[in-house]
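J.:
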Amino acid sequence: MPAPEIALTQRFQTAFAAAFGPEYAEADPIIRPSQFADFQCNAAMGLAKRLGRKPRDIAAEIVAAVDLEDIAEEPEIAGPGFLNLRLRTDWVAAQVAELVEPSAALGVPSPERSETVVVDYSAPNVAKEMHVGHLRTTVVGDSIVRTLEKLGHTVIRQNHIGDWGTPFGMLIEHLLEVGEDSAEADLVRTDPNAFYQSARAKFDAAEKAGAPGSDLEGGDFASRARRRVATVQSGDAESLRIWTNLVELSKQYFHRIYDMLDVTLTDEHLAGESTYNDLLEAVCDDLEAAGIARISDGALCVFPEGFIGRDEQPLPLIIRKSDGGYGYATTDLAAIRHRVGTLGADRIGYVVGSAQGLHFQMVFTAAREAGWLPAEVRAEHVKIGSVLGDDGKILRTRSGSSLRLMALLEEAVGTARTVIDELRPDLPEAEREQIAHDIGIGGVKYADLSTAHDSDYTFDLDRMLALTGNTAPYLQYAVARIRSISRKASAQGITAAPAPRVDDDAERALALALLEFGPTLVSAGAEFEPHRLCAYLFSLAQTFTSFYEASPILKEADTEVQAGRLTLAELTERVLVEGLDALGVNAPQQM
């Protein structure tokens, strides 16, 4: 069951081959929705340049050659050569009737080739609070993996947590001082920032004092922290045990956030920096042996082709520091090598802040030069913009510190709960609690996802939770409204027809909108762009509202019309729920 654009594309490409020769069989007919018809074919201008003839003459030849009799009315030539296309209503009805069947998967096509896609997202730091900046990397990444799975691809989630490196000497020493079973140690699980800041304060104080020693056995805190880093990295059993304890406490905190956000990350998806520690030496050795890396100012560097600094000199990607330590580039190269060679990735997506754009471009180029990222494997940086406050700056607390993600989420749910308690006091307590969660979390996630991921947006809780506009509550209400219609119809003895009714303009417009779900989901997955799906769902909900106003169901006297419209409405509910699920947004039964 091809979607309209696919069916039209196939017919026009056949016509191009017949009219202009087989070499034109794969020319893009450029089928787009049109305000003047259902669709428009915009191929004549491009073909005219290739053929050296007038666009309107080319358009006339296309019309003469194309066979659309069973799909659309005869194309109308407009302007310099646009072809306006109005689909046959009976064809639209037949296509939508197929969507009702469970096997049709709501029009989502099976992929020509199922890919293994590795998606790196969320990536919080151990023993540090997740702040609002982690919201987007987590929410966008989770929507991408949900969408890819619905499209039939094999998805491997990778949560590249910060669980290794210099800060851990400081954290381990602090944990030893306060006691692993102390209340302060439990802060790693309940209030990671408080624990981290205490450790950092000790470290900074020792640094400032510059004391060669102290009353504490083994020297001052900063010196012991630095030594501890070396003992951890050397594999010291006791140091690793304490490090493992820190990670375990942090995982409990991550679980609370992920459960609150309804995201699909679990412990099995953890692939932190420590995962690649044993591979870093080989990364450096192999790059150096291949002549790709060389010593520069004491550090081992790769100079990826095409990257030039302000001084017009090649930009270095440092893979081993002059002191022998490794950086993010080394770990990221090891990760690529693992993801391609071991996990078998056909595609890798890195859902990371936009500021890391140059870093990833250089890492990808270096990996390709090394042969670790073959040409057939796509590696993409899914650039994430910032969440802003009313002042247009990165959202922070009044004191200027990063806003805790949990506090923000709790505020969203609490605000939604206040509204639900006022509007629906008749509902049971547990149901009001669940609805408040779905609306609050859904509102925050959808506001993020409906913005292009590489753009900044302003955090406005009132707008996020509004029942009007392009918001999650608007879509959730549309679903709840259709479910209410279905319940009332059932109470009146109205049964949905086997196929939707597609006759009047409102029914036809809704049917056409429903046929766009499959192509939209494919596009959102192919481009790693959840906002495309958001825009579609909002438009579909608006189209349903127009349909319901023009073509009533419960008040319709003709029982056949009533049953056919009910089927169309219930199909809309299924598409909205499936689309929201791809975004990670729940749809309450009632609101």
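Numbering (the working numbering), first residue to last: 43 to 633. Backbone N, C-alpha and C fix where the C-beta goes; we use that ideal spot for every residue, glycine too.
1. Could you check what DSSP says for PRO634 in three-state terms: helix, strand or coil?
2. Assign GLY121 to one of three DSSP states: helix, strand, or coil.
3. Buried or exposed, going by whether 16 or more other CB atoms sit within 10 Å of the CB of ILE337?
4. Classify GLU222 as buried or exposed, calling it buried when 16 or more other Cβ atoms lie within 10 Å of its own Cβ.
5. Is it right to say PHE54 is buried, meaning 16 or more other beta carbons lie within 10 angstroms of its own, or is it exposed?
6. Could you check where the beta strand (DSSP E) with LYS425 kicks off and where it finishes?
7. How would you label ALA553, buried or exposed, when you count the other beta carbons within 10 angstroms and need 16 or more for buried?
8. What separation, rounded to the nearest whole angstrom, lies between the Cα atoms of ASN628 and PRO515?
9. Apart from the five residues just before and just after ALA57, which ones in its own chain have a Cβ nearer than 8 angstroms to its Cβ?
10. Roughly how many angstroms lie between the CA atoms of GLU140 and ARG199, to the nearest whole one?
11. Assign SER256 to one of three DSSP states: helix, strand, or coil.
12. How far does the alpha helix (DSSP H) with GLY485 in it reach, from first residue to last?
13. Roughly how many whole angstroms lie between the Cα atoms of GLY621 and GLY149?
14. What are the start and end residues of the alpha helix (DSSP H) that includes VAL325?
15. Contact check, ILE186 vs PRO572 under 8 angstroms by CB: the rounded distance?
16. Tell me, please, which residues DSSP counts as bridged to HIS173.
17. Just checking, does the stretch 225-232 make contact with the stretch 282-299 on the three C-beta pairs under 8 angstroms criterion?
18. Give me the DSSP bridge partner(s) of GLY204.
19. If you follow the beta strand (DSSP E) that VAL105 is in, where does it begin and where does it stop?
20. Give me the Cβ distance between VAL159 and ALA387, rounded to the nearest whole Å; I'm assuming they're in contact under 8 angstroms.
21. PHE81 bridges to which residues according to DSSP?
22. For HIS195 versus GLU154, is the C-beta distance shorter than 8 angstroms?
23. In whole angstroms, give me the CA-to-CA distance for GLN77 and LEU127.
24. Under three-state DSSP, which class holds LEU342?
25. Could you give the distance in angstroms between the alpha-carbon of GLY207 and the alpha-carbon of VAL617?
26. Run through DSSP, which three-state label would THR158 get?
27. Just checking, does the stretch 387-404 make contact with the stretch 417-424 on the three C-beta pairs under 8 angstroms criterion?
28. Would you check if the distance between the CB atom of GLY626 and the CB atom of LYS425 is smaller than 8 angstroms?
29. Can the beta-carbon of ARG474 be found less than 8 angstroms from the beta-carbon of ARG466?
30. Are the CB atoms of THR51 and PRO75 within a distance shorter than 8 angstroms?
31. Looking at the structure shown, is PRO356 part of a helix, part of a strand, or coil, going by DSSP?
32. Once DSSP output is grouped into helix, strand and coil, what is the label at ILE337?
33. Hey, could you find the ends of the alpha helix (DSSP H) ILE5 is sitting in?
34. Cα separation between ARG92 and TYR66?
35. Report all residues from its chain with a CB closer than 8 angstroms to the CB of VAL325; omit the five preceding and five following residues, and keep chain order.
T.: Reading it off the structure:
1. This structure leaves residue 634 out entirely; the chain is present only between 43 and 633.
2. Reading the sequence shown from its first residue, position 79 is the one you call residue 121. Here GLY121 sits in coil by DSSP.
3. As a position in the sequence shown, residue 337 is number 295, starting the count at 1. Per the 10 Å Cβ criterion, exposed.
4. By 1-based counting over the sequence shown, the position of residue 222 is 180. In summary, GLU222 is exposed, with fewer than 16 beta-carbon neighbours lying within 10 Å of its beta-carbon over all protein chains present.
5. By one-based count along the sequence shown, residue 54 stands at place 12. Under a 10 Å Cβ-count criterion, PHE54 is classified as buried, with 16 or more other Cβ atoms of the shown protein chains found around its own Cβ.
6. Looking up residue 425 in the sequence shown gives position 383. Element bounds for LYS425: 420-426.
7. Here residue 553 is taken as the residue at index 511 of the sequence shown, counted from 1. Flag for ALA553 reads buried.
8. To locate residue 628, count along the sequence shown from 1; it is residue 586. To locate residue 515, count along the sequence shown from 1; it is residue 473. One Cα belongs to ASN628, the other to PRO515, and the distance between them is close to 10 angstroms.
9. Numbered from its first residue, the sequence shown carries residue 57 at position 15. ILE104, ALA107, VAL108 and ASP109.
10. Sequence index remark: in the sequence shown, residue 140 carries index 98 (1-based). Sequence index remark: in the sequence shown, residue 199 carries index 157 (1-based). A direct Cα-Cα distance of roughly 33 angstroms separates GLU140 from ARG199.
11. By one-based count along the sequence shown, residue 256 stands at place 214. With a pLDDT of 44 at SER256, under the threshold of 50, the modelled position of this residue cannot be trusted; read the value that follows with caution. For SER256, the secondary structure class from DSSP, reduced to helix, strand or coil, is coil.
12. For this step, residue 485 is matched to residue 443 along the sequence shown. Boundaries of the alpha helix (DSSP H) harbouring GLY485: 471-491, taken from the DSSP string.
13. The residue given as residue 621 occupies position 579 in the sequence shown. The residue given as residue 149 occupies position 107 in the sequence shown. Approximately 12 angstroms, taken between the alpha carbons.
14. What you label residue 325 is simply residue 283 of the sequence shown in a count that begins at 1. Boundaries of the alpha helix (DSSP H) around VAL325: 322-331.
15. Within the sequence shown, numbered from 1, the residue matching residue 186 stands at position 144. Within the sequence shown, numbered from 1, the residue matching residue 572 stands at position 530. Under the criterion of beta carbons closer than 8 angstroms, ILE186 and PRO572 qualify as touching, at roughly 7 angstroms.
16. As a working mapping, residue 173 is identified with position 131 in the sequence shown. Residue pairing from DSSP places HIS173 in a beta bridge opposite ARG446.
17. Flag = yes, the stretch 225-232 and the stretch 282-299 touch.
18. As a working note, residue 204 is residue 162 in the sequence shown. Bridge partners of GLY204: ASN167.
19. Locating residue 105 in the sequence shown gives position 63, where the first residue counts as 1. Counting along the chain, no beta strand (DSSP E) covers VAL105; the unbroken alpha helix (DSSP H) around it starts and ends at 97-107.
20. Here residue 159 corresponds to residue number 117 of the sequence shown, with the count starting at 1. Here residue 387 corresponds to residue number 345 of the sequence shown, with the count starting at 1. Contact between VAL159 and ALA387 holds: their C-beta atoms lie close to 7 angstroms from each other, under 8 angstroms.
21. Walking along the sequence shown from the start, residue 81 turns up at place 39. Per DSSP, PRO75 and LEU127.
22. Taking the sequence shown and counting its residues from 1, the one referred to as residue 195 is at position 153. Taking the sequence shown and counting its residues from 1, the one referred to as residue 154 is at position 112. Pairing HIS195 with GLU154 gives a Cβ-Cβ distance that is not under 8 angstroms.
23. Position 35 of the sequence shown, counted from the first residue, corresponds to residue 77. Position 85 of the sequence shown, counted from the first residue, corresponds to residue 127. Straight-line Cα distance between these residues: approximately 11 angstroms.
24. Numbered from its first residue, the sequence shown carries residue 342 at position 300. In the structure shown, LEU342 sits in a strand (DSSP, three-state: E or B).
25. On the sequence shown, position 165 is the one that residue 207 refers to. On the sequence shown, position 575 is the one that residue 617 refers to. GLY207 and VAL617: Cα-Cα distance of roughly 46 angstroms.
26. Looking up residue 158 in the sequence shown gives position 116. Note: THR158 maps to strand in three-state DSSP.
27. Flag = yes, the stretch 387-404 and the stretch 417-424 touch.
28. Sequence index remark: in the sequence shown, residue 626 carries index 584 (1-based). Sequence index remark: in the sequence shown, residue 425 carries index 383 (1-based). No. Outside cutoff.
29. On the sequence shown, residue 474 is found 432 positions in, with the first residue counted as 1. On the sequence shown, residue 466 is found 424 positions in, with the first residue counted as 1. Cβ distance < 8 angstroms, so ARG474 and ARG466 count as in contact.
30. Translated into positions along the sequence shown, residue 75 becomes position 33. Translated into positions along the sequence shown, residue 51 becomes position 9. Taking 8 angstroms as the cut-off, the Cβ atoms of PRO75 and THR51 do not count as close.
31. Numbered from 1 along the sequence shown, position 314 holds the residue referred to as residue 356. Here PRO356 sits in strand by DSSP.
32. Here residue 337 refers to the residue found at position 295 of the sequence shown. Correct three-state label for ILE337: strand.
33. Only positions 43 to 633 of the chain appear in the structure, and residue 5 is not among them; the question remains open.
34. What you label residue 92 is simply residue 50 of the sequence shown in a count that begins at 1. What you label residue 66 is simply residue 24 of the sequence shown in a count that begins at 1. Their backbone Cα atoms lie some 10 angstroms apart in a straight line.
35. Here the question's residue 325 lines up with position 283 in the sequence shown. The residues are ILE361, THR372, LEU375, ALA376 and ARG379.
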